[in-house]
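Undergrad: One structure, pasted below without further comment.
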Amino acid sequence: MMPRNPHRQPQQASSTRALDVLDLMQDPQLRLADRPWMLRTASHLLLNPGDPYLQESFRNGVEERLYSAASSSDAFYANYPPLGAHLSGDLVVVKLPSHVLPMRIDALGRNLAVVGPTGSGKTSLVILLLAQLAPRARVIVIDRKRELRKLAGVPQLGAFWTVLHWLQLSLALLQPPPGIAVDVWVSEVVSLVARSYSLYASQRLLLETLLRVYRKHGGNATLKHWLAEVNAFEAGRGFREQGYKEAARAVLVDLLHSVPGLKFAQTNLLEILFSQPNGGVVIECDSLPVQHYSFMVSYFLRWLYTWRLHSRSYEPQIVLVLDDATIALEEARDREAPGGVSPLAESMFMGRGLGLGVLCATHSWSTTSTRIRHNTETMIICGAQGDDLRSLSTAMGLTPEQANSLRVLQRGEAVVYAPSTWPAAVKGSYPLVASQIDDVELQARARAFMSKVVIIEETDKSSDPKPQDNLTPQMLRFLHAAAFHALLSLTSLYRESSLDRTQGKSVLSALHALGLVVPHRVSSGKRGGHMYFIEVTEQGWLELEQRGFSRSPKPTKGGFLHNLAALALEHDGKKQNCKVHFEAQVNAVFVDVLWQFPDGRLEAYQIGLSNPRYEAEKLHELVQAGGVASVVLITKDKVFLKKVNALLKGGLSDEQEQKLTLRCLGDLLNCDRE
Ligand SMILES: Nc1ncnc2c1ncn2[C@@H]1O[C@H](COP(=O)(O)OP(=O)(O)OP(=O)(O)O)[C@@H](O)[C@H]1O
Ligand SMILES: [Mg+2]
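Using this note's numbering, the letters of the sequence shown map in sequence onto residues 1141 to 1814.
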């Protein structure tokens, strides 16, 4: 692609008279002022115009920029908002009488961030926002925790929500969006891969090989063809070109194996989404390695962005949602990207005029990239502390007292700063969204959706075996052990699958790379000590099912560690001849696990892994409701335990306190039960 105005050539840096220096510094295509060292050089040069070193340094800087502006494939190179653009406003926090957070996402301006610590209600709020938004927009949700599948069961949303696991996807990476010329898309794909994986130096090689792929295979081009072209690329003798080739090869091989859905599709799932009257897709990305997660997010954004830009139709509004997006938003992602702008940050400021917005939920605001922060109009705070409290209250212009109210938000309360709607931050509360959908219905919708995707038939399957053909007997033994002996910690799992430590480690990392297992670290209670437990992912279970093993049901609706604790408690309860109930009710209060002793006595177990405040409230409720002889809370770790203890202090009578025991998850799991 050409720079936006191809007729306008930036001035040559032939002389360094004061006027030229000023002029060059303001040239929008060069964006010299974005670089602090250029600013410094320019100001020194204005003071010492005759200094030959400064002159040369300045000229070099300009030439480098001229070169990158000319070779940039980004049509908007010149239009990035300046560094240092920031949010402002006169703010007062007011308590609104309404019980419902008074907002509609389309009235909120585009990019939106939901910020708050673990368990503060971000996901619940995102679900509420999307339930309001969905009838008017298309939504793509990237979900790392499998919590937003709930959206598919919200009655008002109708049936147009599909939940897909990333392993089910068929992403047509090499197919341009409808109506977009192949050569436009080629440069998009090359810059996407180059920037997501820091392959800047291999960019030319990637471009050359990809053009050859299109010449040979046209609309049937696949990632595998691309890899074959890179393999066949004759690197010069020089050490460098060889290096570029190796780097490109390594990334493509890894992509092929770790993101199997990228390989063979011909129709893009986004096209299918846009052929529906409304709705959204939730893409569950649990266990997708981080660098590929960023790549996938960028891919969606770039696809949408390119499509919008060239089709000149900006309706309906599109929202890309990243729940638990902290890793994708970090400043480091921008720093690593060549040019200092990650595709996500770029889309957040380029997409706004195109009806394309990004909604991120994140734990941490202060570590978020500056560019992303400056391009987030609306902020919803579910709670903030420490550095976050400081940077958020600066961004929202809060007084210290107002800032304090961010610290003490209850669950279901949030402070909203939406300068496009209100000049001030407001505080309000929001309800939980009701939802009901079962796995069968979810699967049926996913199948119906994916059946519209045309898959490219691979002619040569032998050259590159699919990951599952790569499972060695050792890997299978380990996968089986992890699936059916979930309570064994990693070291015992090695033993169970007859692997020594070295073999075990390489088997584990191979399975992890294929997305079949995810290790979870649990602090063992001893200072600094920890153990690992291994979760078998959805795809891992599919592999086992294909080999004739049937899946063991999950005791509770919680995540992996939650279920692990429940299993351990079931085991221990049965040993004491108790009847064990999961997710049971005692005097109208729910508990995770309930032991019923032969004499009828009840012992309640609560598994608290995400939020000390919530657990403390829950314990209060349980002890006060009565009906149980004792209550045990299993906490994530010692720190968590101490927090709960501090929150409970003084709130209970001696008798109630005696009923109560707090234990760490590590202590519970720290004994082999088999
Ligand atoms: N409005 C509300 N009313 C009552 N309970 C709520 C409300 N919002 C959230 N909760 C409860 O708070 C808990 C945590 O909520 P949620 O999972 O949304 O938090 P989160 O910030 O996304 O956490 P994480 O950082 O772990 O993803 C859930 O059990 C949820 O039911
Ligand atoms: Mg969440």
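Even glycine gets a Cβ: it sits at the ideal position worked out from N, Cα and C.
Remember, predicted model here, so these are calculated numbers, not experimental data.
For Ala1554, which residues does DSSP report across the bridge?
TA: BP columns for Ala1554 point to Gly1568.
Undergrad: Can you find the residues in the same chain that come closer than 8 Å, C-beta to C-beta, to Leu1684, ignoring five residues on each side of it along the sequence?
TA: If we look at Leu1684 and ignore the five residues flanking it on each side, its Cβ neighbours are Leu1619, His1620, Ala1623, Val1676 and Arg1691.
Undergrad: If I measure Cβ to Cβ from Thr1859 and keep anything under 7 Å in the same chain, skipping five residues before and after, which residues do I get?
TA: Because the chain here runs from 1141 to 1814, residue 1859 falls outside it and cannot be looked at.
Undergrad: Given 7 Å as the limit, tell me if His1503 has its C-beta closer than that to any heavy atom belonging to ligand 1.
TA: Flag set: Cβ of His1503 near ligand 1.
Undergrad: Give me the Cα-Cα distance between Glu1386 and Ala1554, rounded to the nearest whole angstrom.
TA: Cα to Cα, the separation comes out at about 49 Å.
Undergrad: Determine which residues share a DSSP beta bridge with Val1422 and list them.
TA: For Val1422, which the question treats as bridged, DSSP gives the partners Val1281 and Val1303.
Undergrad: Can you find a CB in chain B that lies within less than 8 Å of the CB of Arg1475?
TA: The structure shown contains no chain B; it is built from a single protein chain.
Undergrad: Using 8 Å for Cβ pairs, my map puts Ile1458 next to Lys1592. What's the rounded Cβ distance?
TA: About 19 Å separates the two Cβ atoms, so there is no contact after all.
Undergrad: On the premise that Pro1317 lies in contact with Trp1443, defined as a C-beta separation below 8 Å, what is that separation, rounded to the nearest angstrom?
TA: Right, the Cβ-Cβ distance comes to about 6 Å (below 8 Å), so this counts as a contact.
Undergrad: Can you tell me the Cα-Cα spacing of Leu1499 and Asp1794, whole angstroms?
TA: Taking the straight line joining both Cα atoms gives about 47 Å.
Undergrad: Compute every distance between the C-beta of Glu1424 and the non-hydrogen atoms of ligand 2, then say whether any falls below 7 Å.
TA: Checking the Cβ of Glu1424 against ligand 2 gives no.
Undergrad: Please tell me whether, using a cut-off of 7 Å, the distance from the CB of Thr1677 to the nearest non-hydrogen atom of ligand 1 is below it.
TA: Flag unset: Cβ of Thr1677 not near ligand 1.
Undergrad: Using 10 angstroms around the beta-carbon of Val1779, count the other beta-carbons present and answer buried if the total reaches 16, otherwise exposed.
TA: Its Cβ having fewer than 16 others within 10 Å, Val1779 is exposed.
Undergrad: Would you say Ser1629 touches ligand 1, meaning its beta carbon is less than 7 Å from a heavy atom?
TA: No - ligand 1 has no heavy atom lying nearer than 7 Å to the Cβ of Ser1629.
Undergrad: Should Asn1408 be labelled buried (16 or more other beta-carbon atoms within 10 Å of its own) or exposed?
TA: Its Cβ being crowded by 16 or more others within 10 Å, Asn1408 is buried.
Undergrad: What three-state label does DSSP hand Thr1631 in the structure shown?
TA: The answer is helix: DSSP assigns Thr1631 an H, G or I state.
Undergrad: Should Glu1455 be labelled buried (16 or more other beta-carbon atoms within 10 Å of its own) or exposed?
TA: The residue in question, Glu1455, is exposed, as its Cβ has fewer than 16 Cβ neighbours within 10 Å.
Undergrad: Tell me which residues share the same chain as Ala1574 and place their Cβ nearer than 6 Å to its Cβ, disregarding the 5 neighbours each side in the sequence.
TA: Answer for Ala1574: no residue qualifies.
Undergrad: Going by DSSP, name the residue or residues bridged to Thr1508.
TA: Thr1508 is bridged to Glu1470.
Undergrad: Grab the span of the alpha helix (DSSP H) containing Tyr1354 for me, first residue to last.
TA: Unbroken alpha helix (DSSP H) run through Tyr1354: Gln1343 to His1357.
Undergrad: So, for Ile1267: in the same chain, excluding its five sequence neighbours on each side, which residues have a beta-carbon less than 7 Å away from its beta-carbon?
TA: So the list reads Leu1288, Lys1290, Leu1291 and Val1573, once near-sequence residues are dropped.
Undergrad: For Arg1352, which residues of its own chain have a beta-carbon under 8 Å away from its beta-carbon, when the five flanking residues on both sides are left out?
TA: Hits under 8 Å: Glu1369.
Undergrad: What does DSSP give as the partner residue(s) for Gln1736 in the beta ladder?
TA: BP columns for Gln1736 point to Lys1719 and Leu1742.
Undergrad: Just to confirm my understanding: we take Met1178, look at its own chain, exclude 5 residues before and 5 after, and list those with CB closer than 7 Å. What are they?
TA: Here the set comprises Leu1172 and Gly1201.
Undergrad: Could you tell me the distance, in whole angstroms, from the CA atom of Ala1565 to the CA atom of Leu1582?
TA: Spanning the two alpha carbons is a distance of roughly 38 Å.
Undergrad: List the endpoints of the continuous beta strand (DSSP E) containing Leu1409.
TA: Not the beta strand (DSSP E): Leu1409 falls in the alpha helix (DSSP H), residues Leu1409 to Phe1414.
Undergrad: So is His1670 buried or exposed if we call it buried at 16+ other beta carbons inside 10 Å?
TA: So His1670 counts as exposed.
Undergrad: If we count the other Cβ atoms within 10 Å of its Cβ and call it buried at 16 or more, is Ala1728 buried or exposed?
TA: It counts as exposed.
Undergrad: Going straight from the alpha carbon of Pro1607 to that of Met1590, what length do you get?
TA: Model confidence at Pro1607 stands at a pLDDT of 45, short of 50, so the residue's coordinates are unreliable and nothing is read from them.
Undergrad: For Ile1520, count the other beta carbons within 10 Å of its own beta carbon; 16 or more makes it buried, fewer makes it exposed. Which is it?
TA: Classification for Ile1520: buried.
Undergrad: Tell me, please, whether the stretch 1504–1516 touches the stretch 1250–1263 by the rule of three or more beta-carbon pairs shorter than 8 Å.
TA: Yes: at least three Cβ pairs fall under 8 Å.
Undergrad: Please tell me whether, using a cut-off of 7 Å, the distance from the CB of Lys1567 to the nearest non-hydrogen atom of ligand 1 is below it.
TA: No.
Undergrad: Any contact between the stretch 1295–1308 and the stretch 1484–1499? By contact I mean 3 or more CB pairs, one from each, below 8 Å.
TA: With the cut-off at 8 Å, the stretch 1295–1308 and the stretch 1484–1499 do not touch.
Undergrad: Is Thr1801 a contact residue of ligand 2, with contact defined as CB to any heavy atom under 7 Å?
TA: Thr1801: no, Cβ never under 7 Å from ligand 2.
Undergrad: Using the Cα positions of Leu1805 and Arg1286, report the straight-line distance between them to the nearest angstrom.
TA: Cα to Cα, the separation comes out at about 22 Å.
Undergrad: What does DSSP give as the partner residues of Phe1320 in its beta bridges?
TA: Position check: residue 1320 holds Ile in this sequence, whereas Phe was assumed. BP columns for Ile1320 are empty, so no partner.
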